[in-house]
Structure formats: C-alpha cells, structure tokens
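The opening residue of the sequence shown carries number 1 in the numbering used here; numbering runs sequentially from there. Note that beta-carbon positions come from the ideal geometry of N, C-alpha and C, so glycine has one too. For reference, the structure discussed in these notes is given below.
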Amino acid sequence: MSRPVIISCALTGGGDTTGSSPHVPVTPEQIANEALAARAAGAAIVHVHVRDPQTGKPSRDPALYREVVRRIRNSGSDVLINLTTGAGGRFVPDAADPNRNAIPGMATAEERMAHVLELRPDICSLDIGTMNFSSYAFVNLPEHVERMASAIREAGVKPELEVFDLGHAAFARHLHQRGLLADPPWLQLCLGIPWGAPASTESMQALKQMVPAGGSWSAFGISRHQFPMVAQAVLLGGHVRVGLEDNLYLTRGQLSPGNAPMVERAARIIRELDAEVATPAQAREILRIG
Numbered sequence: 001m002s003r004p005v006i007i008s009c010a011l012t013g014g015g016d017t018t019g020s021s022p023h024v025p026v027t028p029e030q031i032a033n034e035a036l037a038a039r040a041a042g043a044a045i046v047h048v049h050v051r052d053p054q055t056g057k058p059s060r061d062p063a064l065y066r067e068v069v070r071r072i073r074n075s076g077s078d079v080l081i082n083l084t085t086g087a088g089g090r091f092v093p094d095a096a097d098p099n100r101n102a103i104p105g106m107a108t109a110e111e112r113m114a115h116v117l118e119l120r121p122d123i124c125s126l127d128i129g130t131m132n133f134s135s136y137a138f139v140n141l142p143e144h145v146e147r148m149a150s151a152i153r154e155a156g157v158k159p160e161l162e163v164f165d166l167g168h169a170a171f172a173r174h175l176h177q178r179g180l181l182a183d184p185p186w187l188q189l190c191l192g193i194p195w196g197a198p199a200s201t202e203s204m205q206a207l208k209q210m211v212p213a214g215g216s217w218s219a220f221g222i223s224r225h226q227f228p229m230v231a232q233a234v235l236l237g238g239h240v241r242v243g244l245e246d247n248l249y250l251t252r253g254q255l256s257p258g259n260a261p262m263v264e265r266a267a268r269i270i271r272e273l274d275a276e277v278a279t280p281a282q283a284r285e286i287l288r289i290g
C-alpha cells in the first residue's frame, strides 16, 4: 500500500496578513468554516490561531478559542484540532530601556497554554527555541518549554514541536530523552522563516536526521517555498503542512481564495508522488492519539 501522508492546514496564523489578502479568516466562525473546508479537501489536522474579530490582530483570548473549537466539534467533523501556544513570545527591546518590551504581549508559560489545558485539543504546537524571527526575538526559554511540555503531557495533548533550526532539533531530542514527550514525538520542521533554517533540501535533510528514533515529522516552507517543500517532505518520508498562515498565494501572482485550494494542491502533489493522503483516523494511528 502507498504511504499515508498527513496534511496539516495552518488556517490563519498570527502575522499581519489580513491587509494583504481578503481571504485570511478572522472571526471564530470564519476560522471554523475554513477548518471544515480544509478537512473536506484532505487535511487531517487543522492548526488554529485566533484573531481579534474587530481588528484582525492576533489574540490569546480564551473565549475566541472556545468558540472555534466548539464550532468544529459541534459540526461532527473528525478533523484533529491543533491549537497554537506560540502567542506571547515576541520581544523587541525598547531603544531607551532594553529591559522593556517595545511591543506589548509577552506572556507566561502558563498563560500561553491556558486555552490548551481548558479545551484539551488533540494536538498543540510547542515552540522550543529562542530565535531571531524576522524583526523581533521569539523567546522560548528551556525552563518554560519544559514546564509547558510536562503540563501538556499531563493533559493528554500531543505536542507538535516547532523546529526552526538545528539547535531546536537537538533540544527536541533532549526533551524526548528526558521523558517529557510521549512516543512518538511529533516534530514540525519550519523552513524559510527569517532567520531560521532556509527552505532547502539540505536544511530539511539535516533536520530530518535529528528527529528522535521512532519519531514522526512534518515540514513546511513559507511563501513561494510552500509547495516545493511539500514535494520534498513527501520524497524524504515526512508529512506536510500548508495554509494561509504560511503563504497567501496558490500560484505565482494568484491569491488563494481560502485554505481548501492549498490543501487540494498538496493532495495532488502527494498522489503524483505515489503516496496517499492520510485520513484523520490514519493520522491518529500514526501519532498514537486516542
């Protein structure tokens, strides 16, 4: 039989993209509808951020997560829900006082995962490394990550470890060796983000070699690298992620009218490479999610 490849769909993200495309979902209803459309197109997992419905800016409001999750679950969909814990880690030192964050929004480890512990999704993202992320520092201290990993495991949620560089992959191995991650560990290789690992075959191969024994991995590239990295991940034995969080264009110069067309294109690539698109049930089996 062909190898089943999991498609994750990152629906909206937390970037300032709503002004660049009218198709980025903002309200809980829009985000939930995009999740269901992505599932119909072949996604087994949907990755959820929420946004302020009035401004379109990223939000950590538990009520917004609550509504998105309720809408997806009440639909009867079998799609796996993956909630982010990334919001709350951005730091830009104030020019006059570098001890002060020039942009508000830093949060404690407990605040960053509060909605996960309340809603108990199938999966949640867990950023495991501090890095220069474009124009700001993305702060994820080892002690905080370990605290979050322990609480997430205790809650029965599968952490998806966000790996942006080789040091992050090394820390993922460390977390697994310490028993903070249930088997199999699940890594997301994030490629092309300034200033992490570039979206290239060489980067993906290097990061893949760092995946703990028995672990599963997925990968994505941002912007124009999205679909080439889909093909590369399939060829190297991994799973894939697409969606409006990472890229707004379906093809060069053509905005994607939603997440579903991106999932459909990823599914075509998977099938052209003689693999099959994993169902949510298959994804649960691969990741050992009950």
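Short of 7 Å from the beta carbon of Pro25, and not among the five residues preceding or following it, lie these beta carbons of its own chain, in chain order: Leu11, Thr12, Ile31 and Glu34. Bounds of the alpha helix (DSSP H) holding Gly167 are Leu166 to Gln177. By the neighbour-count criterion, in which a residue is buried when 16 or more other Cβ atoms sit within 10 angstroms of its Cβ, Asp94 is exposed. In the DSSP assignment, Arg51 is bridged to Pro58.
Less than 7 Å divides the Cβ of Leu80 from the Cβ of Asp122. Remark: three or more beta-carbon pairs, one from each stretch, lie closer than 8 Å, so the segment 82-89 and the segment 104-113 are flagged as touching. Take Thr201, set aside five residues on each side of it, and the residues of its chain with a beta-carbon closer than 7 Å to its own are Gln232, in chain order. By the criterion of a C-beta distance shorter than 6 Å, Arg39 is surrounded in its chain by Ser77 and Val79, once the five residues flanking it on both sides are discounted. When C-alpha distances from Arg153 are compared across Leu117, Phe138 and Phe164, the shortest belongs to Leu117. In the three-state DSSP reduction, Met113 falls in the helix class (H, G or I). Taken through DSSP and simplified to helix, strand or coil, His225 comes out as helix. With contacts defined by Cβ atoms closer than 7 Å, Leu64 and Val48 do not form a contacting pair. Around the beta carbon of Trp195, a 10 Å sphere encloses fewer than 16 other beta carbons of the protein chains shown; the residue is thus reported as exposed. Distance from His23 to Ser256 at the Cβ level is roughly 6 Å; contact confirmed, criterion being Cβ atoms closer than 8 Å. Between the segment 144-152 and the segment 274-282 there are fewer than three C-beta pairs closer than 8 Å, too few to call the two in contact. Put simply, of Ser8, Gly15, Ser21 and Met204 the residue whose alpha carbon is nearest the alpha carbon of Leu250 is Ser21. No Cβ-Cβ contact shorter than 7 Å links Glu160 with Gln177. Annotated three-state conformation of Leu180 is coil, per DSSP.
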